[in-house]
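In the working numbering, the protein residues as written are 501 to 1012.
Yeah, the Cβ is synthetic: ideal placement off N, Cα and C, and Gly gets one too.
This one's a predicted model, so the numbers in the text were calculated from it and none came from an experiment.
First up is the structure itself, then whatever we jot down about it.
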């Protein structure tokens, strides 16, 4: 006939004993799965995958499971929830499934990438179309540690609550994360900061909010508690547990000699959110108080960055070492070298003089676009660091204690004054521990420095090399050169010139 049954029955007006048949009655109903969030729960060492199910038909006695597959869509294993469910038409079911990290790690070793899919089975119906997307495990987490108060002895309207938190990510591939403060998960954030992010590490951070802002919001909506949210650039997010109270157990005071955000913004003038955030965090760390022989002292007092002249010298060096956006202090030195730059022999002679490394430069060095702007192939910074900074590839006078595989990357230049090499990390940390034992550990190497590590590393070098004594000599170009030479013996004339130029700015900022 060339006609389907529905066209035929419409034409002849046929009516079945069960009423008029419609084409849609023979189409599989949709059951839609949406992945909402993935969290890594450190105490349990598991990933928890949150999802929602919305069905176009009732499904009783249903089971939920998560299937792992490889890129060829070969089923590897299936994890099933123990409960059974009655899924109601048009009503969203919210659920989660937990996956042990060890189980995940074991499979990733043999199958990478590893994909996941949520599956639904029902003993009462098989006539449905399951729309469940493939997904990979990517997660970011934020966890509240404590809150405290910072008091402005001159103006109580400037009193701050400081929220201490830890954050971590897994497999996100992102370099930054936005931490925002919300009054209730469903409300827009009213305060946020952008901070550096690294995969697979737990990192500490702080965010501050004016005390009167919290008190006003609590008075208007006393039932809604505050939470932190971590969000990556590609939209992966996580909420912390609720902050049930803001305590004031801290004795931290804002004092006349404290560093200010305004001062550092005159040195690092970038307008991006990440630069502003880095400045705010550095200022807070430098102004933190510590107990020394039962007396409370600010960190800048302890490490003798405590006079206008000393501060001008310190930050002239820090500006050049940490780059224009402070990335050198946190993420480390820029190792984005092209193949041609590496093979030129500057600043790493091994890529010019060693045949094997000369050849390797062709694969780990970056490749510029033909336009000259941007990269056609990004440099492999980790590989470059591990070759360039390994002691076995360095001249006798320039060995820095990097004797183990991976040391070059872990102990590359970082901190406000760019500490470089396992030996320098270790010696600087010993110098710090003589004054503040067990306060920080720089000797293990980290992928990204926190603000606390960046400040301690810079202050530690300043104190260990007694650069404050040289800084006290004066504010001439010669004095700047002496500080530079003491701190970095290999600095070239161009770098010295840049530090003298930076000092011209910092001496105005600190009123020298």
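Return the chain-ordered list of same chain residues with a C-beta closer than 6 Å to the C-beta of residue 1014, the five sequence neighbours on each side being excluded.
Only positions 501 to 1012 of the chain appear in this structure, which leaves residue 1014 out of reach.
Between which two residues does the alpha helix (DSSP H) carrying residue 922 extend?
The sequence position of residue 922 within the chain shown is 422, counting from 1. That run of the alpha helix (DSSP H) goes 922-935.
So who's on the other strand from residue 585, going by DSSP bridges?
Translated into the one-based positions of the chain shown, residue 585 becomes position 85. DSSP, once it has assigned bridges, lists 562 as partnering residue 585.
Would you list the residues sitting across from residue 813 in a DSSP beta bridge?
Position 313 of the chain shown, counted from the first residue, corresponds to residue 813. According to DSSP, which records beta bridges pairwise, residue 813 is partnered with nothing at all.
Taking only three categories from DSSP, how would you classify residue 861?
As a working mapping, residue 861 is identified with position 361 in the chain shown. Looking at residue 861 - three-state DSSP - the assignment turns out to be helix.
Taking residue 575 as part of the alpha helix (DSSP H), name the residues at either end of that continuous run.
Here residue 575 corresponds to residue number 75 of the chain shown, with the count starting at 1. Unbroken run through residue 575 is the beta strand (DSSP E), 575-580; no alpha helix (DSSP H).
Could you tell me which residues DSSP pairs with residue 631 in its beta bridges?
Taking the first residue of the chain shown as 1, we reach residue 631 at position 131. Residue 631 pairs with 532.
How big is the Cα-Cα spacing for residue 617 and residue 694?
Your numbering for residue 617 matches position 117 in the chain shown. Your numbering for residue 694 matches position 194 in the chain shown. Computed Cα separation, rounded: 32 Å.
Any idea if residue 527 is buried or exposed, counting beta-carbon neighbours within 10 angstroms, 16 or more meaning buried?
As a position in the chain shown, residue 527 is number 27, starting the count at 1. It is exposed - the Cβ of residue 527 has fewer than 16 other Cβ atoms within 10 Å.
Span of the alpha helix (DSSP H) around residue 1003:
If you number the chain shown from 1, residue 1003 lands on position 503. Where residue 1003 is concerned, the enclosing alpha helix (DSSP H) stretches over 993-1009.
Pop quiz: residue 809 and residue 948 are said to be a contact at Cβ under 8 Å. What is the actual Cβ separation, rounded to whole angstroms?
Taking the chain shown and counting its residues from 1, the one referred to as residue 809 is at position 309. Taking the chain shown and counting its residues from 1, the one referred to as residue 948 is at position 448. At roughly 32 Å, the Cβ-Cβ gap does not stay under 8 Å, so residue 809 and residue 948 are not in contact.
When you compare the segment 926-936 with the segment 750-767, are there three or more beta-carbon pairs, one atom per stretch, that lie closer than 8 Å?
no
Looking at the strands, I want to know which residues DSSP matches up with residue 695.
Residue mapping note: residue 695 aligns to position 195 of the chain shown, counting from 1. In the DSSP output, where bridge partners are listed per residue, residue 695 has 677.
When you compare only the Cα positions, how much space is there between residue 681 and residue 689?
The residue labelled residue 681 in the question sits at position 181 within the chain shown. The residue labelled residue 689 in the question sits at position 189 within the chain shown. Taking the straight line joining both Cα atoms gives about 5 Å.
For residue 1007, I'd like the list of residues in its chain whose CB is within less than 7 Å of its CB, leaving aside the five on either flank, ordered along the chain.
The sequence position of residue 1007 within the chain shown is 507, counting from 1. Result list for residue 1007: 812, 975, in chain order.
What are the start and end residues of each continuous beta strand (DSSP E) run of 3 or more residues lying completely inside the segment 627-672, in chain order?
628-631, 639-652, 660-670
Cβ shell of residue 882 (< 6 Å), same chain only, five flanking positions each side left out
Position 382 of the chain shown, counting from 1, holds the residue named residue 882. Only 909 meet the Cβ criterion.
With burial defined as no fewer than 16 other Cβ atoms inside 10 Å of the residue's Cβ, what is the status of residue 604: buried or exposed?
In the chain shown, counting from the first residue as 1, residue 604 sits at position 104. Classification for residue 604: buried.
Please confirm whether residue 547 and residue 639 have their CB atoms less than 8 Å apart.
Numbered from 1 along the chain shown, position 47 holds the residue referred to as residue 547. Numbered from 1 along the chain shown, position 139 holds the residue referred to as residue 639. Result yes, Cβ atoms of residue 547 and residue 639 sit closer than 8 Å.
Comparing C-alpha positions only, which one of 856, 598, 855, 837 sits nearest to residue 451?
Shown here, the chain extends from 501 to 1012; a query on residue 451 therefore has no answer.
When we look at the beta-carbon of residue 857 and count the other beta-carbons within 10 Å, is it buried (16 or more) or exposed?
Sequence index remark: in the chain shown, residue 857 carries index 357 (1-based). It counts as buried.
Is the distance from the Cβ of residue 554 to the Cβ of residue 579 below 8 Å?
Residue 554 sits at position 54 when you count from the first residue of the chain shown. Residue 579 sits at position 79 when you count from the first residue of the chain shown. Contact: no.
Count the other C-beta atoms from every protein chain shown that fall within 10 angstroms of the C-beta of residue 660, then say buried if there are 16 or more, exposed otherwise.
Within the chain shown, numbered from 1, the residue matching residue 660 stands at position 160. Residue 660 is buried by the Cβ-count criterion.
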